[in-house]
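Peer 1: In my numbering, the protein residues as written are 128 to 365.
Okay, here's the thing in structure tokens:
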């Protein structure tokens, strides 16, 4: 797909494996402390309101918002700056239906015993089950793939590094960008996920990482009554 939204004159990325270190100046303006404190407090409050949802309205969303959120995710740090991710944005309702049907088949097996009782006990407060209407109710799905390796011009395989960590950071940034842009999302990781590569025709070097329905909340949306850990419970200062 052509890179049509890059600023004019911006260089297009190509692999730099084995090239020498070429530093360039980086001099962003320092934010005043008062502004930094205020922004951090605002961001914390806005993210406190983020919830994973499973009830979406079918209303269309501005797809440029979703594309820009994916663009934000693609700025994530990655091992050796190899950016080992692919984001497949699925609009087509028939493809979303096929993904839902395949996911529900796998989920049926999981809930019938593959997960194990301990995992089922952990899920019970969330009210989840094998039925996944969010795949077809939400107007779009983002299917995130890990690129386990890349191919050189001669077809040779080259390893990517810290792939799980890199893609996980990118997905976290994606969820943040979607929320701050006014959209709701859910991260879903059916297991196994091979059907996603098959339905979407992805190459052999890509492995499905997550499916993220994106849209607006349904008018009658409900979420589990959950409590997040406090800052005191997650922060250690030394």
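Note that the Cβ used here is the ideal one computed from N, Cα and C, for glycine as well.
Which residue from 157, 348, 225, 291 puts its Cα closest to that of residue 272?
Peer 2: Taking the chain shown and counting its residues from 1, the one referred to as residue 272 is at position 145. Among 157, 348, 225, 291, the Cα nearest to that of residue 272 is on 291.
Peer 1: Between 183, 153, 164, 197, which lies nearest to residue 303 when the distance is taken from Cα to Cα?
Peer 2: Counted from its first residue, the chain shown places residue 303 at position 176. The option with the nearest alpha carbon to residue 303 is 197.
Peer 1: Taking the beta carbon of residue 176 as the centre, do at least 16 other beta carbons fall within 10 Å, making it buried, or is it exposed?
Peer 2: Locating residue 176 in the chain shown gives position 49, where the first residue counts as 1. Exposed.
Peer 1: Rounded to whole angstroms, what is the Cα-Cα separation between residue 190 and residue 310?
Peer 2: Start at 1 with the first residue of the chain shown, and residue 190 comes out as number 63. Start at 1 with the first residue of the chain shown, and residue 310 comes out as number 183. Roughly 11 Å between the two C-alpha positions.
Peer 1: Please give the ranges of any beta strand (DSSP E) in the stretch 182–270, keeping only runs that are unbroken, at least 3 residues long and fully inside the region.
Peer 2: 212–217, all fully within the stretch 182–270.
Peer 1: Compare the beta carbon distance of residue 348 and residue 180 with 7 Å and say whether it is the shorter of the two.
Peer 2: Counting from one through the chain shown, the residue named residue 348 turns up at place 221. Counting from one through the chain shown, the residue named residue 180 turns up at place 53. For the pair residue 348 and residue 180, the CB atoms are nearer than the 7 Å cut-off.
Peer 1: Quick check: the Cα distance between residue 209 and residue 275, rounded to an integer number of angstroms?
Peer 2: For the purposes of this step, residue 209 is identified with residue 82 of the chain shown, where counting begins at 1. For the purposes of this step, residue 275 is identified with residue 148 of the chain shown, where counting begins at 1. Near 11 Å, if we compare the C-alpha coordinates of residue 275 and residue 209.
Peer 1: If I measure Cβ to Cβ from residue 315 and keep anything under 6 Å in the same chain, skipping five residues before and after, which residues do I get?
Peer 2: Within the chain shown, numbered from 1, the residue matching residue 315 stands at position 188. Taken in chain order, the residues that qualify are 338.
Peer 1: Taking the beta strand (DSSP E) that residue 164 belongs to, which residues open and close that run?
Peer 2: If you number the chain shown from 1, residue 164 lands on position 37. Per DSSP, residue 164 belongs to no beta strand (DSSP E); it is in the alpha helix (DSSP H), 160–175.
Peer 1: Identify whether residue 297 lies in helix, strand or coil by the three-state DSSP scheme.
Peer 2: By one-based count along the chain shown, residue 297 stands at place 170. Residue state, collapsed to three classes: helix.
Peer 1: For residue 183 versus residue 226, is the C-beta distance shorter than 7 Å?
Peer 2: Here residue 183 is taken as the residue at index 56 of the chain shown, counted from 1. Here residue 226 is taken as the residue at index 99 of the chain shown, counted from 1. The answer is no: Cβ separation not under 7 Å.
Peer 1: Opposite residue 426 in the DSSP bridges: which residues?
Peer 2: Nothing about residue 426 can be reported from this structure: the residues present for the chain run from 128 to 365 only.
Peer 1: Count the CB pairs spanning the stretch 321–339 and the stretch 148–164 that are closer than 8 Å, and state whether there are at least three.
Peer 2: no
Peer 1: How far does the beta strand (DSSP E) with residue 341 in it reach, from first residue to last?
Peer 2: The residue given as residue 341 occupies position 214 in the chain shown. Per DSSP, residue 341 belongs to the beta strand (DSSP E) from 333–342.
Peer 1: If residue 233 sits next to residue 318, beta carbons under 8 Å apart, how far is it from one beta carbon to the other, in whole angstroms?
Peer 2: Stepping through the chain shown from its first residue, residue 233 is reached at position 106. Stepping through the chain shown from its first residue, residue 318 is reached at position 191. Rounded, the Cβ-Cβ distance is 7 Å, consistent with contact.
Peer 1: Comparing alpha-carbon positions, which option in 203, 301, 186 lies nearest residue 174?
Peer 2: Along the chain shown, one-based indexing puts residue 174 at 47. The shortest Cα separation from residue 174 among 203, 301, 186 belongs to 301.
Peer 1: Suppose contacts are defined by Cβ-Cβ distances below 7 Å. Is residue 229 in contact with residue 259 by that definition?
Peer 2: The count along the chain shown starts at 1 and reaches residue 229 at position 102. The count along the chain shown starts at 1 and reaches residue 259 at position 132. Contact: no.
Peer 1: For the beta strand (DSSP E) that residue 278 lies in, which residues bound it at each end?
Peer 2: Here residue 278 corresponds to residue number 151 of the chain shown, with the count starting at 1. Per DSSP, the unbroken beta strand (DSSP E) holding residue 278 starts and ends at 276–278.
Peer 1: What is the rounded straight-line gap between the Cα of residue 236 and the Cα of residue 154?
Peer 2: The count along the chain shown starts at 1 and reaches residue 236 at position 109. The count along the chain shown starts at 1 and reaches residue 154 at position 27. Answer to the nearest angstrom: the Cα atoms are 54 Å apart.
Peer 1: Just the C-alpha distance for residue 203 and residue 331, rounded to the nearest angstrom, thanks.
Peer 2: What you label residue 203 is simply residue 76 of the chain shown in a count that begins at 1. What you label residue 331 is simply residue 204 of the chain shown in a count that begins at 1. Each residue's Cα considered, the two are about 23 Å apart.
Peer 1: Over what stretch of residues does the alpha helix (DSSP H) that includes residue 349 continue unbroken?
Peer 2: If you number the chain shown from 1, residue 349 lands on position 222. Taken as a continuous stretch (DSSP letters only), residue 349 belongs to no alpha helix (DSSP H), as it is neither H nor E.
Peer 1: Starting from residue 361, trace the alpha helix (DSSP H) both ways and give me its first and last residue.
Peer 2: Taking the first residue of the chain shown as position 1, residue 361 is located at position 234. Segment 358–361, the alpha helix (DSSP H) holding residue 361.
Peer 1: I think residue 284 touches residue 278, with their Cβ atoms under 8 Å apart; what is that distance to the nearest whole Å?
Peer 2: As a position in the chain shown, residue 284 is number 157, starting the count at 1. As a position in the chain shown, residue 278 is number 151, starting the count at 1. Indeed, because the Cβ distance is near 6 Å, the residues count as touching under 8 Å.
Peer 1: Taking all protein chains shown into account, do 16 or more other C-beta atoms lie within 10 angstroms of the C-beta of residue 267, making it buried, or fewer, making it exposed?
Peer 2: Numbered from 1 along the chain shown, position 140 holds the residue referred to as residue 267. So residue 267 ends up on the buried side.
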